[in-house]
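Residue numbers (our numbering): 14 to 435. Just so you know, even glycine gets a beta-carbon here, dropped at the ideal spot from N, CA and C.
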Ligand code: SAH
Ligand code: SF4
């Protein structure tokens, strides 16, 4: 979501004459678009902002701004802590960024505006999109779910859905720019409420000419509908991959997290999805070290992982977020236990991921070419419809091409193979 927001703010700043640079030392404006979901993200931002204090002293014309969730949460405190910041804009104020920068070009002062947490970016923004193959289109902002560990509803405000026409026109615009893969974004896409259901929206985007692949993020298990499962099963370009964060594998902790489903309900949902969409890939998010987690809860979660067999899991250590209910819960878990449990969880999941990937050896998969791999220009990287990374020796292919690759090697997080003629 932050990547998509940054692209939109870059689009607004382009309208007043700014261009992107990789060279921070020569920049006229440095914008930190921040996340505060976990404390580690916040610590990084403070480290980064601190780095530019000396530069600002050397070059007083430099404008430094902070936007995003941490700006929303901290407001003026950020400037108290780092007075070389010129402006702080909350998540509902992103669309103000160009106006604020222009006013600071004329007159220097500190600007802090976090008043409109449930606001949103106007539709006429033309984002400067990263990459050239795959891009994000937000369909809704905010979250109403209030999971007890999570700061998002407080810093992103209530759910607001964009109108379908706006979404369709943005998808067409991205396709016209050459993007092949679209990911529709929302904190919980299943509660999309723009005058049609999310399943209808997805099926309509699937029909837009030039959309080669269609993905979405994120689905809350509490309301992933049969209609959506059918849309995926019947879709043409809708990828057979669902990111379905479970967060934990014991009913006691799920209840305390306010996730409003049980392990059994989740397992039934997985079964339903797998019945309807053969070869579907399922990934998840998990949090270890939630307050009150016992060894018993934890071993239930390991068993749960062994039962579901996710293709991949993103695993996080619980981070106490002040202002959320869980921050005041008793029996907070010590760091050593959290780390030990994380290691064990990752070990179990890594074995499962490797086994799932190994099962693909000798099969031929469709890969959307993304470009050269980071480490070796001779090797190309791309993704399967199931969202697995594939490395392969390339011929005359280009980024954006769809190719068939025969898998000959599997690792925990990626596959390797050779192009075959279709
Ligand atoms: N709306 C999405 C998640 C957004 S946050 C959803 O509900 O799936 C992305 C992930 O960060 C969450 O899935 C959760 O696993 C993790 N997360 C959120 N708050 C956290 C916290 N306080 N500590 C650790 N991980 C957290
Ligand atoms: Fe956070 Fe829960 Fe909303 Fe996801 S659904 S953003 S985890 S409150």
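| request: Determine the extent of the alpha helix (DSSP H) in which residue 352 is found, giving its start and end residues. | output: Taking the chain shown and counting its residues from 1, one reaches residue 352 at position 339. Element bounds for residue 352: 348 to 371.
| query | Nearest to residue 368 by CA position, among 212, 423, 291, is which residue? | reply | One-based indexing of the chain shown puts residue 368 at position 355. Answer by Cα proximity: 423.
| 7 Å CB neighbourhood of residue 416 in its chain, flanking five on each side removed | For this step, residue 416 is matched to residue 403 along the chain shown. For residue 416, where only same-chain residues beyond five positions count, the Cβ hits under 7 Å are 380, 382, 410, 432.
| If you draw a straight line from the C-alpha of residue 39 to the C-alpha of residue 32, how long is it? | Within the chain shown, the letter at position 26 stands for residue 39. Within the chain shown, the letter at position 19 stands for residue 32. Counting only the Cα atoms, residue 32 lies some 12 Å from residue 39.
| request: Could you tell me whether any non-hydrogen atom of the ligand SF4 is closer than 7 Å to the CB of residue 200? | output: Along the chain shown, read from residue 1 onward, the residue named residue 200 stands at position 187. For the ligand SF4, at least one heavy atom lies less than 7 Å from the Cβ of residue 200.
| For residue 263, does the three-state DSSP call read helix, strand or coil? | The residue you call residue 263 lines up with position 250 of the chain shown. If DSSP states are grouped into helix, strand and coil, residue 263 belongs with coil.
| task | Measuring alpha carbon to alpha carbon, tell me which of 294, 286, 342 ends up nearest residue 302. | result | Residue numbering aside, residue 302 sits at position 289 when the chain shown is read from its first letter. In terms of CA proximity to residue 302, 342 leads the group 294, 286, 342.
| Ends of the alpha helix (DSSP H) at residue 70? | As a working mapping, residue 70 is identified with position 57 in the chain shown. Run containing residue 70: 66 to 71, per the alpha helix (DSSP H) assignment.
| said: Just to confirm before moving on: does the CB-CB distance between residue 46 and residue 90 stay below 8 Å? | reply: Within the chain shown, residue 46 is the residue found at index 33, counting from 1. Within the chain shown, residue 90 is the residue found at index 77, counting from 1. Between residue 46 and residue 90, the C-beta spacing is not below 8 Å.
| message | To test your reading of the DSSP string, which unbroken alpha helix (DSSP H) runs of 4 or more residues are found completely within the region 92 to 121? | response | Unbroken alpha helix (DSSP H) runs of no fewer than 4 residues, entirely contained in the region 92 to 121, are found at 110 to 119, following chain order.
| said: According to DSSP, residue 151 sits in a beta bridge with which residue or residues? | reply: The count along the chain shown starts at 1 and reaches residue 151 at position 138. DSSP lists 198 as partners of residue 151.
| query | Is it true that the CB of residue 221 sits closer than 8 Å to the CB of residue 336? | reply | Walking along the chain shown from the start, residue 336 turns up at place 323. Walking along the chain shown from the start, residue 221 turns up at place 208. Not closer than 8 Å, so no.
| Roughly how many angstroms lie between the CA atoms of residue 505 and residue 219, to the nearest whole one? | The question about residue 505 has no answer, for the chain in this structure spans 14 to 435.
| How many whole angstroms separate the CB atoms of residue 266 and residue 253, which I take to be in contact at a CB cut-off of 8 Å? | By one-based count along the chain shown, residue 266 stands at place 253. By one-based count along the chain shown, residue 253 stands at place 240. Residue 253 and residue 266 do not touch by the CB rule: their CB atoms are close to 30 Å apart, not below 8 Å.
| N-terminal and C-terminal residue of the beta strand (DSSP E) that residue 379 is part of | Counting from 1 along the chain shown, the entry for residue 379 is found at position 366. Where residue 379 is concerned, the enclosing beta strand (DSSP E) stretches over 377 to 385.
| Is residue 296 near the ligand SAH, judged by its Cβ being under 7 Å from some heavy atom? | Position 283 of the chain shown, counting from 1, holds the residue named residue 296. No, the ligand SAH has no heavy atom inside 7 Å of this Cβ.
| field | Alpha carbon of residue 412 to alpha carbon of residue 146, nearest angstrom | value | Residue mapping note: residue 412 aligns to position 399 of the chain shown, counting from 1. Residue mapping note: residue 146 aligns to position 133 of the chain shown, counting from 1. Going from the Cα of residue 412 to the Cα of residue 146 covers about 7 Å.
| request: Measure from the alpha carbon of residue 44 to the alpha carbon of each residue in 94, 329, 391, 34, then state which is nearest. | output: In the chain shown, counting from the first residue as 1, residue 44 sits at position 31. The alpha carbon of residue 44 has as its nearest neighbour, out of 94, 329, 391, 34, the alpha carbon of 34.
| request: Label residue 203 either buried or exposed according to how many other C-beta atoms from any shown protein chain fall within 10 Å of its C-beta, with 16 as the threshold for buried. | output: Numbered from 1 along the chain shown, position 190 holds the residue referred to as residue 203. With 16 or more other Cβ atoms within 10 Å, it is buried.
| request: Kindly list the residues whose CB is nearer than 8 Å to the CB of residue 37, restricted to its own chain and excluding five residues on each side of it in sequence; keep chain order. | output: The residue given as residue 37 occupies position 24 in the chain shown. If we look at residue 37 and ignore the five residues flanking it on each side, its Cβ neighbours are 43, 65, 68.
| Contact set for residue 333: own chain, Cβ-Cβ below 8 Å, skip 5 residues either direction | Numbered from 1 along the chain shown, position 320 holds the residue referred to as residue 333. Counting only Cβ-Cβ distances below 8 Å, and skipping sequence neighbours, we find 52, 339, 340, 345.
| said: Quick check on residue 430: does DSSP put it in helix, strand or coil? | reply: As a working note, residue 430 is residue 417 in the chain shown. Three-state DSSP puts residue 430 in a strand.
| said: At a threshold of 7 Å, does residue 110 count as lining the ligand SAH (C-beta to nearest heavy atom)? | reply: On the chain shown, position 97 is the one that residue 110 refers to. Not a single heavy atom of the ligand SAH lies less than 7 Å from the C-beta of residue 110.
| task | Compute the Euclidean distance between the alpha carbons of residue 71 and residue 112, then round it to the nearest angstrom. | result | Reading the chain shown from its first residue, position 58 is the one you call residue 71. Reading the chain shown from its first residue, position 99 is the one you call residue 112. Distance from the CA atom of residue 71 to the CA atom of residue 112, rounded to whole angstroms, is 25 Å.
| request: Consider the C-beta atom of residue 440 and the heavy atoms of the ligand SAH; say whether any pair is separated by less than 7 Å. | output: The displayed coordinates of the chain run from 14 to 435. Any statement about residue 440 would go beyond what the structure contains.
| said: Taking the straight line between their C-alpha atoms, what separation do you get for residue 134 and residue 106? | reply: Residue 134 sits at position 121 when you count from the first residue of the chain shown. Residue 106 sits at position 93 when you count from the first residue of the chain shown. Inter-residue distance for residue 134 and residue 106 is about 8 Å (C-alpha atoms, whole angstroms).
| field | Presumed contact (8 Å Cβ cut-off) between residue 77 and residue 98, rounded CB distance | value | Stepping through the chain shown from its first residue, residue 77 is reached at position 64. Stepping through the chain shown from its first residue, residue 98 is reached at position 85. That pair is a contact at about 5 Å.
| said: Between 168, 199, 167, 166, which has its C-alpha nearest residue 180's C-alpha? | reply: Working through the chain shown from its first residue, we reach residue 180 at position 167. Comparing Cα positions, the closest option is 199.
| Is the region 289 to 300 in contact with the region 138 to 158, if contact means three or more CB pairs nearer than 8 Å? | Contact between the region 289 to 300 and the region 138 to 158 is not established, with fewer than three Cβ pairs separated by less than 8 Å.
| message | For residue 149, which residues in the same chain have their Cβ closer than 7 Å to its Cβ, ignoring the five residues on either side in sequence? | response | Translated into the one-based positions of the chain shown, residue 149 becomes position 136. Contacts found: 16, 17, 196, 198.
| request: Counting only the same chain and skipping the five closest in sequence on each side, list residues whose C-beta sits under 8 Å from that of residue 243. | output: Taking the chain shown and counting its residues from 1, one reaches residue 243 at position 230. Answer for residue 243: 212, 289, listed in chain order.
| Do residue 82 and the ligand SF4 come close, with the Cβ less than 7 Å from some heavy atom? | For the purposes of this step, residue 82 is identified with residue 69 of the chain shown, where counting begins at 1. Residue 82 Cβ: outside cutoff for every heavy atom of the ligand SF4.
| query | When the Cα of residue 80 is compared with those of 426, 60, 116, 124, which residue comes out closest? | reply | Taking the chain shown and counting its residues from 1, one reaches residue 80 at position 67. Nearest option by C-alpha distance: 124.
| If you draw a straight line from the C-alpha of residue 24 to the C-alpha of residue 116, how long is it? | Taking the chain shown and counting its residues from 1, one reaches residue 24 at position 11. Taking the chain shown and counting its residues from 1, one reaches residue 116 at position 103. In a straight line, the C-alpha of residue 24 is about 18 Å away from that of residue 116.
| query | Any idea which residues DSSP pairs residue 233 with across the strands? | reply | Position 220 of the chain shown, counted from the start, is the residue given in the question as residue 233. Answer is none; residue 233 lacks a bridge partner.
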